[in-house]
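Peer 1: Dumping the structure here so I can ask a few things about it.
In our numbering, the protein residues as written are 533 to 609.
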């Protein structure tokens with residue numbers, strides 16, 4: 533398959549900003565969240581966005597990726 537036909541098959545999905553407001557959670561949840569993000573080497577925002585993306589995928593929603601097209605399919609960080 534040529535490079536041209538490969539790029540025609542998958543249209544470019546451009547990056548956009550996502551503004552989230554701070555939420556109030558219990559201290560124990562925050563502690564567990566910070567521990568999990570430290571173990572994964574991710575920021576809290578990236579960890580939460582990945583969790584939301586996994587939940588959306590599990591519910592049947594379709595999108596090209598989270599931070600880059602195809603990144604969820606590869607399990608990339």
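No residue lacks a Cβ here, since even glycine has one placed at the ideal position from N, Cα and C.
Have a look at the DSSP bridge pairing and note the partners of residue 597.
Peer 2: Taking the first residue of the chain shown as position 1, residue 597 is located at position 65. The partner list for residue 597 (beta bridge, DSSP) reads 601.
Peer 1: In whole angstroms, what separates the C-alpha of residue 551 from that of residue 603?
Peer 2: Along the chain shown, read from residue 1 onward, the residue named residue 551 stands at position 19. Along the chain shown, read from residue 1 onward, the residue named residue 603 stands at position 71. Their Cα atoms are separated by approximately 21 Å.
Peer 1: Taking the C-alpha atoms as reference points, what is the distance between residue 565 and residue 573?
Peer 2: Here residue 565 refers to the residue found at position 33 of the chain shown. Here residue 573 refers to the residue found at position 41 of the chain shown. Each residue's alpha carbon lies about 12 Å from the other.
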